[in-house]
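Chemist: Pasting in a structure now, in structure tokens, and then I'll have a few things to ask.
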Ligand SMILES: Nc1ncnc2c1ncn2[C@@H]1O[C@H](COP(=O)(O)OP(=O)(O)OP(=O)(O)O)[C@@H](O)[C@H]1O
Ligand SMILES: [Mg+2]
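Protein chains in written order, with UniProt numbering: chain W, 1 to 629; chain F, 1 to 260.
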């Protein structure tokens, strides 16, 4: 009993900093409608800066001053980011905003390693709060008690700011109706910057406050952002009070989950989140959002199947690829296999994202599930490779069927956050459930059948399976099902008004995409001969997103080109620089801001422009304007 | 005999605002019924309840005697209700023909077919529908580049794809040039009479209303205040008051805003 109370208090203490970060995210979203993926990065920066400042500054004043200063410094960085980057993308589709801020996250990850080194840093204890207080005969750190008190205090302060200051009233007005604030003649730019700075300040402070409790590490950004996403999904985006309640719920579930299910504690959080989503899809205290401003993939140039000429060109391309083993060496073929597998992975994500308009930030989950499925089939069930390649994707299918059922109830940013959270949960199960998955050590010795054991044989296998998979996806795009799916993406309103069951169609697409990702994952397991949790981690998901974006989000088959270019670049980059995340992050940001159509999209546009010298862009613009009325 | 559509005591409020209250009316097959009223009167709310997009607080809707209250839009559509929207909703990434084809595929329960090239399915029917609304020449054009008036006509073609018994048209001619309006409504009326489709439409242009409607209902602040033949409604004192007062001014402004 006493122990439970202490565990409860520990949970409450963890909730404080989670609440700070989540409320910051919510406030920013409320006004700017941007889900700031970089929020975790600012949290991490807050922790690192606080570490440095508290090491330099002396005494109690130095410590507490250091924490606040760290928060302020992060706020300044946030303001800078808002002015330099976000102002350019406020009107961009949500997907691009998420990606751009994710690019920033990647850059920060490498930067902190450059500045602070790769080792975890253990910060100073809080002066005056080093000891512990006895509660029911158990010792509770006094710093925890301080944090427990801090949460409600911050909530109260935010409430005061929003209710009692002119600025707060403006922020609330802007949260409710952006146009109204513009009409009031308020300087909207300044308002957005200050809101962003406040939100980021809360994130930085949340990170700074963690240093007496936890080591500072360069992986804490993704860990916290996933928790924060779970918090806002449960509490409701845009609601500070929702963030407060949900932070407590999630922290307590974590604290007690360790006791109930030490191996897979995150499952408990998952169950609660799932329950909330079923009852209140917009979170406990959130408001239903309108449909996404613009679903990804909507193009104004209708898609057409390949012309006979193009078909010949594609066949020739595949034939050329099949001839590669005659000239290339073993290393090139292994790299080639990997690229080809990722082309299938990217194509499956593209199907969901571009055709279905559902931007998944956790598509690697199904890739990884396919890989684990194949590994289980081969190692535990002792199936030969051929059978394992068939069985593996079934796990991807099952995962997609389960998670997809929840995900398609949401759209836009909620969908993105939820897919990410599910992927992270899958990852932590793979990571924590050591008996089954081998945890961090993965599963080794997943070897192909003899005929595919050499780089050549495997290359041909990968090419055959991937080409067939990509072709099947392409057939789907132009099938009646594909048309129905595009219909739900283009206009849910119209789709439902002509008898289309949006939820069912999108769920089916989710399962299809997950299954094809699973096929790619199963191939990947045999290519590497092993499976690791990182196969379903967030960076793999983001790789997929960047491939789709690079190829062109409004194209039918851009993903394949994107995968080829991106994977080749990434492999080359890894061999050239230590700072691959920095470069990759910068590439993402540049892509989003300057090159949003991607490679294939840009080529298509050039071609279209040449074919039709007389543009009817004016007519289109007029129609758009009126339709938007 | 039961009428095509029977509506009893329909009501919907948002917070404290009674958008629609106590609306009852009936509509026979082949009849063209206009629902008019100033901005914010609750016309779109009525349409949205009739096709299942929003659930009424109280009241019942019967289609050919069958209670459809609270059904999803897609279920209502399957029963033979087509609709167009005040702000057009079409599939921007498809050609004009494909827009109609999707509706035809859905009508034929063929959207779960995973192979086959959908671009060739129901081509003849799609042509015929586009021909009907005078858009056959535009069949291969991307829907995203159509002018607003063409989008409205495309919506009509889509709405006709399931051979509806009842057509709900929320401001079918808003945003069109006056000449186009008259043409579109003439076309609609001809189709409706020929195929015995019941039509409920709302319209701000009184010329259009009085030329085509068999009957007119007037909605004001959520309540029906008059109902009858166009002549009777035109003479109704209460209606005149609304339309000569604020309503008409607001209305003119409304229309200007749209043309801009
Ligand atoms: N989702 C909603 N939330 C709150 N109020 C709403 C909502 N939808 C409509 N209303 C209100 O209900 C009333 C009726 O609106 P409705 O759109 O039905 O009017 P209308 O007759 O179609 O007007 P218009 O001629 O401008 O299209 C209005 O006062 C409107 O503000
Ligand atoms: Mg209306």
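Just so you know, even glycine gets a beta-carbon here, dropped at the ideal spot from N, CA and C. In this text the structure is predicted, and so the values were computed from the model without any measurement.
How big is the Cα-Cα spacing for residue 218 (chain F) and residue 425 (chain W)?
Modeler: In a straight line, the C-alpha of residue 218 (chain F) is about 56 Å away from that of residue 425 (chain W).
Chemist: Between the C-alpha atoms of residue 324 (chain W) and residue 452 (chain W), what's the straight-line distance to the nearest angstrom?
Modeler: Taking the straight line from one Cα to the other gives about 16 Å.
Chemist: Relative to chain W, which residues along the segment 207-239 of chain F have a C-beta separation below 7 Å, given in chain order?
Modeler: Answer set for the segment 207-239 of chain F: empty.
Chemist: For the candidate residues W:504, W:229 and W:575, whose alpha-carbon lies nearest to that of residue 423 (chain W)?
Modeler: Residue W:229 is the option with its Cα nearest to residue 423 (chain W).
Chemist: Taking only three categories from DSSP, how would you classify residue 556 (chain W)?
Modeler: Coil.
Chemist: So, with DSSP's three-state summary, where would you put residue 14 (chain F)?
Modeler: Note: residue 14 (chain F) maps to strand in three-state DSSP.
Chemist: What are the boundary residues of the beta strand (DSSP E) that includes residue 200 (chain F)?
Modeler: From DSSP, the beta strand (DSSP E) with residue 200 (chain F) extends over 198-202.
Chemist: When you check each C-beta in the segment 456-483 of chain W against every C-beta of chain F, which residues fall closer than 8 Å?
Modeler: Those would be 475, 476, 478, 479, 480, 481, 482 and 483, in chain order.
Chemist: Please check if any C-beta of chain F sits within less than 8 Å of the C-beta of residue 610 (chain W).
Modeler: No, because no Cβ of chain F sits closer than 8 Å to the Cβ of residue 610 (chain W).
Chemist: Could you tell me the distance, in whole angstroms, from the CA atom of residue 223 (chain W) to the CA atom of residue 40 (chain W)?
Modeler: So the alpha carbons of these two residues sit roughly 8 Å apart.
Chemist: Where residue 314 (chain W) and residue 118 (chain F) are concerned, what is the direct C-alpha to C-alpha distance, given to the nearest angstrom?
Modeler: Distance between the alpha carbons of residue 314 (chain W) and residue 118 (chain F): 22 Å.
Chemist: Pairs of beta-carbons, one from the segment 580-592 of chain W and one from the segment 496-506 of chain W, closer than 8 Å: are there three or more?
Modeler: Contact fails: fewer than three Cβ-Cβ distances are below 8 Å.
Chemist: Is the CB of residue 449 (chain W) under 8 Å away from at least one CB in chain F?
Modeler: Chain F, which has no Cβ nearer than 8 Å to the Cβ of residue 449 (chain W), makes this no.
Chemist: Relative to chain W, which residues along the segment 85-104 of chain F have a C-beta separation below 8 Å, given in chain order?
Modeler: Correct list: 85, 87, 88, 89, 90, 91, 92, 93, 94, 95, 98, 101, 102 and 103.
Chemist: When DSSP labels each residue in this structure, what does residue 611 (chain W) get in the three-state scheme?
Modeler: Note: residue 611 (chain W) maps to helix in three-state DSSP.
Chemist: Quick one: what does DSSP say residue 220 (chain F) is sitting in, helix, strand or coil?
Modeler: Strand, per DSSP.
Chemist: According to DSSP, simplified to helix, strand and coil, what is residue 22 (chain F)?
Modeler: Strand at residue 22 (chain F).
Chemist: Would residue 161 (chain F) and residue 103 (chain F) qualify as a contact pair, given that the criterion is a beta-carbon distance under 8 Å?
Modeler: Yes, the Cβ-Cβ distance between residue 161 (chain F) and residue 103 (chain F) is below 8 Å.
Chemist: Under 9 Å Cβ-Cβ, which residues of chain F neighbour residue 496 (chain W)?
Modeler: In chain order: 52, 53, 72, 73, 74 and 77.
Chemist: Please indicate yes or no: does the CB of residue 152 (chain F) lie closer than 7 Å to some heavy atom of ligand 2?
Modeler: Every heavy atom of ligand 2 is 7 Å or more from the Cβ of residue 152 (chain F), so no.
Chemist: Would you check whether ligand 1 has a heavy atom nearer than 7 Å to the C-beta of residue 14 (chain F)?
Modeler: Residue 14 (chain F) Cβ: within cutoff of ligand 1.
Chemist: Residue 357 (chain W) to residue 86 (chain F), Cα distance in whole Å?
Modeler: Cα-Cα distance, rounded: 24 Å.
Chemist: Does the Cβ-Cβ distance between residue 80 (chain F) and residue 166 (chain F) come in under 8 Å?
Modeler: Yes, these two residues count as a Cβ contact at 8 Å.
Chemist: For residue 6 (chain F), name the three-state secondary structure that DSSP assigns.
Modeler: Reduced to three states, the DSSP call for residue 6 (chain F) is strand.
Chemist: Show which residues of chain W have a CB atom less than 7 Å away from the CB atom of residue 199 (chain F).
Modeler: Here the premise fails: no neighbours, minimum Cβ distance about 16 Å.
Chemist: With distances taken between CB atoms, is the gap from residue 161 (chain W) to residue 75 (chain W) smaller than 8 Å?
Modeler: No, Cβ-Cβ distance for residue 161 (chain W) and residue 75 (chain W) is not below 8 Å.
Chemist: Name the chain W residues whose beta carbon is nearer than 7 Å to that of residue 110 (chain F)?
Modeler: By Cβ distance, chain W contributes 480.
Chemist: Please name the residue in W:246, W:90 and W:379 whose C-alpha comes closest to that of residue 151 (chain W).
Modeler: If we check each option's Cα against that of residue 151 (chain W), W:246 comes out closest.
Chemist: Out of W:278, W:209 and W:287, which has the shortest C-alpha to C-alpha gap to residue 64 (chain W)?
Modeler: Closest by alpha carbon: W:209.
Chemist: Residues of chain F with a CB under 7 Å from the CB of residue 487 (chain W): which are they?
Modeler: Those are 91 and 102, listed as they occur along chain F.
Chemist: Of the choices W:567, W:198, W:205 and W:535, whose alpha-carbon is the least far from that of residue 372 (chain W)?
Modeler: Closest option to residue 372 (chain W), Cα to Cα, is W:535.
Chemist: Hey, residue 705 (chain W) and residue 431 (chain W) are a contact pair by Cβ (cut 8 Å); roughly how many whole angstroms apart?
Modeler: The structure shown does not extend to residue 705 (chain W), since chain W is modelled only from 1 through 629, so no value can be given for it.
Chemist: Using DSSP with H/G/I as helix, E/B as strand and the rest coil, what is residue 126 (chain W)?
Modeler: In this structure, residue 126 (chain W) counts as coil in the three-state DSSP scheme.
Chemist: Could you have a look at residue 571 (chain W) and say whether DSSP puts it in helix, strand or coil?
Modeler: Helix.
Chemist: Apart from the five residues just before and just after residue 130 (chain F), which ones in its own chain have a Cβ nearer than 6 Å to its Cβ?
Modeler: Contacts found: 136, 139 and 157.
Chemist: Is it true that the segment 9-28 of chain F meets the segment 594-606 of chain W, where meeting means three or more beta-carbon pairs spaced less than 8 Å apart?
Modeler: Judged by Cβ distances under 8 Å, the segment 9-28 of chain F makes no contact with the segment 594-606 of chain W, as fewer than three pairs qualify.
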